[in-house]
Amino acid sequence: MRVIIDKIFQIFTLSVAIFVSIILIFILFQLIKDGISSLSLNFFIESARPVGSNSGGFKQAILGSLIIDSIAMLIIVFLSILGGLFLYVYPETLLSKILKESMSLLQGTPTIVCGICVYYILVRSMGHFSGLAGSVALALVGIPYMVLASEQIFSMTPTLLLEAAYSLGLSRTRVILYVVLKFAKFPLLAISLLTLARIAGETAPLLFTAFGNSFLELNPLRPMAAIPLQIYVYAISPYDEWHRLAWAGALILIAFVTVLSLILGRYRRLGE
Amino acid sequence: MPKKIQNIVNFPPFCLSNFSLFELLLKLVAVLLIFLPILIFVVLFINSLPAIYHLGFSVFTTNNWDPVDDKFGVISPLLVTVMVGVICTFLGLMLSTPIALFLSFYSRGRISAFFSTVIDALASIPSVVLGLWAIFYVAPHVDKVENVIRDLFGFIPFLKGNPSPFGLFTTILILTLMLIPIQTVLIKELITLVPRNLIEAGFSLGTTKFEIVRSLILPFIKKGMIAVIFLSLARGMEETMATAMLIGNRPLFPDSLFSPTATLTSIIANEFAEAFSRIYLSVLFELGLILFILVFVTNVIAKLILRLLYRGV
Numbered sequence: 131m132r133v134i135i136d137k138i139f140q141i142f143t144l145s146v147a148i149f150v151s152i153i154l155i156f157i158l159f160q161l162i163k164d165g166i167s168s169l170s171l172n173f174f175i176e177s178a179r180p181v182g183s184n185s186g187g188f189k190q191a192i193l194g195s196l197i198i199d200s201i202a203m204l205i206i207v208f209l210s211i212l213g214g215l216f217l218y219v220y221p222e223t224l225l226s227k228i229l230k231e232s233m234s235l236l237q238g239t240p241t242i243v244c245g246i247c248v249y250y251i252l253v254r255s256m257g258h259f260s261g262l263a264g265s266v267a268l269a270l271v272g273i274p275y276m277v278l279a280s281e282q283i284f285s286m287t288p289t290l291l292l293e294a295a296y297s298l299g300l301s302r303t304r305v306i307l308y309v310v311l312k313f314a315k316f317p318l319l320a321i322s323l324l325t326l327a328r329i330a331g332e333t334a335p336l337l338f339t340a341f342g343n344s345f346l347e348l349n350p351l352r353p354m355a356a357i358p359l360q361i362y363v364y365a366i367s368p369y370d371e372w373h374r375l376a377w378a379g380a381l382i383l384i385a386f387v388t389v390l391s392l393i394l395g396r397y398r399r400l401g402e
Numbered sequence: 395m396p397k398k399i400q401n402i403v404n405f406p407p408f409c410l411s412n413f414s415l416f417e418l419l420l421k422l423v424a425v426l427l428i429f430l431p432i433l434i435f436v437v438l439f440i441n442s443l444p445a446i447y448h449l450g451f452s453v454f455t456t457n458n459w460d461p462v463d464d465k466f467g468v469i470s471p472l473l474v475t476v477m478v479g480v481i482c483t484f485l486g487l488m489l490s491t492p493i494a495l496f497l498s499f500y501s502r503g504r505i506s507a508f509f510s511t512v513i514d515a516l517a518s519i520p521s522v523v524l525g526l527w528a529i530f531y532v533a534p535h536v537d538k539v540e541n542v543i544r545d546l547f548g549f550i551p552f553l554k555g556n557p558s559p560f561g562l563f564t565t566i567l568i569l570t571l572m573l574i575p576i577q578t579v580l581i582k583e584l585i586t587l588v589p590r591n592l593i594e595a596g597f598s599l600g601t602t603k604f605e606i607v608r609s610l611i612l613p614f615i616k617k618g619m620i621a622v623i624f625l626s627l628a629r630g631m632e633e634t635m636a637t638a639m640l641i642g643n644r645p646l647f648p649d650s651l652f653s654p655t656a657t658l659t660s661i662i663a664n665e666f667a668e669a670f671s672r673i674y675l676s677v678l679f680e681l682g683l684i685l686f687i688l689v690f691v692t693n694v695i696a697k698l699i700l701r702l703l704y705r706g707v
């Protein structure tokens with residue numbers, strides 16, 4: 131009897147796991163089916179077109195996402211590595227405890243709240259929406275993950291290397307620059323890519339900062355389109371054509387995000 | 395030490411300036427980062443001042459959303475936000491607890507790796523994509539499920555209503571799906587905190603895995619589960635895109651589980667760009683402030699519980 135109950139429970143847990151997997155496979159299947167059928171060369175080389183022209187693509191959104199995400203990543207990587215180094219160099223000081231708390235507070239901040247704050251700080255003062263504001267909003271979302279993750283990575287530096295460096299008489303700055311950073315090079319690259327995967331799908335911070343644009347815009351000081359924004363706009367529109375484009379965009383986005391996060395699976399749990 | 399290296403290392407002015415400049419930079423960045431959440435709070439607060447000044451406490455007493463007449467009731471989106479979070483958290487726990495148990499006790503090797511990948515992949519789907527999927531593949535079919543629920547449980551007042559493709563129910567389904575991976579990972583972490591030797595002692599007594607789970611694992615992780623509940627509650631409440639796409643955007647209290655309504659996040663996402671008056675915009679910032687505080691408090695409760703429980707671990 132006990133063994134039977136155990137078996138029943140095992141089958142129950144297995145079936146729940148299979149149920150969730152089926153939903154995922156369902157999502158991916160429909161995404162690929164609808165995405166592939168509307169994916170064509172035009173999708174990459176044309177900007178948005180009005181409804182009825184039976185063409186149009188995501189060129190402006192892809193380029194916009196590229197620019198917005200690269201600027202955001204520049205801000206994130208620069209600030210987070212320094213922030214992570216601070217946590218690593220002064221581990222038990224009051225300031226670093228406060229920094230850790232404020233990072234976990236920022237991590238919990240709703241992304242849309244980051245968006246409207248950047249709207250007030252940047253968009254209001256500049257007078258118009260801009261891709262740069264979108265980057266800053268995305269940076270606000272990405273910084274906490276990367277600060278906490280990079281601190282964990284720095285603390286993995288072998289003590290042996292550190293002691294060897296110090297015994298040569300190197301100053302702390304030099305130890306950090308030549309030993310700690312060098313040792314953490316590849317893990318840092320990995321977590322930057324993971325942070326990129328995380329912010330690439332964020333839509334809420336971009337809604338009122340980058341705002342979206344139907345035309346190709348390469349100047350980050352002007353309103354810019356981004357892939358997730360374009361998906362959102364097309365998804366809630368009433369036109370079948372636009373829906374198809376949204377599916378193709380979603381396929382591109384998810385291919386990018388999933389591939390990145392599955393390749394770097396080993397580092398996934400850092401910074402959470 | 396050779397003279398040359400000694401010169402590089404100990405050349406006083408160089409060493410001094412280099413050293414202090416870098417550390418100064420570190421400190422500056424640290425202070426900058428500390429100020430980010432404070433800055434967010436201050437911006438939200440400053441911007442919601444006009445609303446607080448003009449409307450005062452009336453936002454908490456009216457159930458009305460009429461931007462033209464400057465009548466805004468915050469209480470219904472607030473309640474809906476909390477309700478969505480709570481329902482999704484508990485629905486999600488019902489699915490994620492078995493998955494976590496399956497992953498830690500009933501599977502090994504490839505099977506475990508496969509299901510872990512599924513969970514990871516589910517976690518990495520952007521919410522706008524899930525929303526897109528739900529608009530075209532969940533919303534059109536959701537009324538059948540809603541009819542079944544209404545026929546079976548219609549005697550409960552809140553479950554009796556007209557089915558609608560976009561509304562509370564659709565949102566809850568999708569948000570539950572989004573919370574499952576987060577909860578699964580957290581519960582798996584909790585299970586790893588159970589002392590290994592207790593589990594092994596249990597097995598050596600000849601107990602089955604189910605008995606171990608019921609009499610050892612579940613009591614052990616019970617308190618930690620409260621923290622998991624609060625963490626996923628915060629995640630559920632702050633979710634924006636899928637909610638904004640699916641909930642229907644009718645900023646009034648829902649008549650039933652199926653009717654369209656609005657949460658704090660969905661109102662901000664849908665109305666911020668078209669706020670036409672100063673008070674309107676300010677009310678939206680106030681919604682943001684309320685959301686910020688709500689999520690902050692929930693997260694802090696979760697962290698306090700975790701810290702109290704697992705101080706040593």
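The listed protein sequences correspond, in order, to chains A and B.
For the first sequence, our numbering assigns the number 131 to the initial residue and increments by one for each residue that follows.
For the second sequence, our numbering assigns the number 395 to the initial residue and increments by one for each residue that follows.
Built from N, CA and C at the ideal position, the CB exists for glycine as well.
It should be emphasised that the depicted structure is a prediction, and the values quoted were computed from it without experimental measurement.
Contact test: A/A380 Cβ vs the ligand FMN heavy atom, cutoff 7 Å: With respect to the ligand FMN, the structure shown offers nothing to examine, as it has no ligands at all.
Cβ contact (3+ pairs, closer than 8 Å) linking the stretch 362-369 of chain A and the stretch 139-152 of chain A: Cβ pair count under 8 Å is below three, so no.
Any C-beta of chain A under 8 Å from that of B/F614: no
Chain-ordered chain A contacts of B/A667 [CB-CB under 9 Å]: Listed along chain A are L337, F338 and F341, each with a C-beta nearer than 9 Å to that of B/A667.
Residues near B/L516 by beta carbon distance below 6 Å, same chain, minus five either side: P575
Nearest-angstrom Cα separation, counted from B/I606 out to B/V599: It is Leu, not Val, that sits at residue 599 of chain B in the sequence shown. Whole-angstrom Cα-Cα distance: 10 Å.
Element boundaries [alpha helix (DSSP H), containing A/L235]: Residues L224 to G238.
Proximity to A/N343 [Cα-Cα], best of A/A356, A/R328, A/L351 and A/T333: A/A356
Buried/exposed call for B/H535, threshold 16 Cβ in 10 Å: exposed
Interface flag, B/G525 vs chain A, CB-CB below 8 Å: yes
Residues sharing a beta bridge with B/F466, DSSP: Answer is B/W459, bridged to B/F466.
Neighbouring residues, chain A, relative to B/A663 (Cβ below 7 Å): I242, A334 and L337
B/I434 vs A/V243 beta-carbon contact at 8 Å: yes
For B/L430 and A/S265, believed in contact at Cβ under 8 Å, the rounded distance: About 15 Å; that fails the 8 Å criterion.
One or two residues paired with B/G642 in a DSSP bridge: Beta-bridge partners of B/G642 (DSSP): B/T655.
Status (buried if at least 16 other CB within 10 Å, exposed otherwise) for A/I138: Residue burial is scored here from C-beta neighbours: A/I138 has fewer than 16 other C-beta atoms within 10 angstroms and is therefore classed as exposed.
Amino acids of chain A, ordered along the chain, whose beta-carbon sits closer than 7 Å to that of B/F362: This structure leaves residue 362 of chain B out entirely; chain B is present only between 395 and 707.
Beta-carbon gap between B/F647 and B/S470 smaller than 8 Å: yes
N- and C-terminal bounds of the alpha helix (DSSP H) containing B/L627: Looking at the DSSP string, the run of the alpha helix (DSSP H) that includes B/L627 is L612 to E632.
Counted within 10 angstroms of its Cβ, other Cβ atoms place A/R132 as buried (16 or more) or exposed: exposed
Min CB distance A/T287 to chain B below 8 Å: no
For B/M572, the first and last residue of its enclosing alpha helix (DSSP H): L562 to T586
Residue interval of the alpha helix (DSSP H) (run including A/R352): Per DSSP, A/R352 belongs to no alpha helix (DSSP H) and is neither H nor E.
C-beta neighbour in chain A for B/K421, strict 8 Å: yes
B/F496 at chain A interface by Cβ criterion, 8 Å: yes
Straight-line gap, B/P444 to A/G186 (C-alpha atoms, nearest Å): 44 Å
Within-8 Å CB hit, B/S598 to chain A: It does not; no Cβ of chain A falls within 8 Å.
Residue from A/L324, A/L381, A/R302 and A/S280 with nearest C-alpha to A/P358: A/L381
Beta carbon of B/L703 nearer than 8 Å to that of B/G618: yes
C-beta atoms of A/L390 and A/F188 nearer than 8 Å: No. Outside cutoff.
Length of the line joining the Cα atoms of A/L252 and A/P335: 13 Å
Neighbour list for A/Y250 in chain B, Cβ cutoff strictly below 9 Å: V437, L438, I440, N441 and F679
Close beta carbons around B/S521, own chain, < 8 Å, minus the five adjacent residues each side: Cβ within range, chain order: M572, E633, T634, M635 and A636.
Beta-bridge pairing of A/F188 - partner residues as DSSP gives them: Per DSSP, none; premise fails for A/F188.
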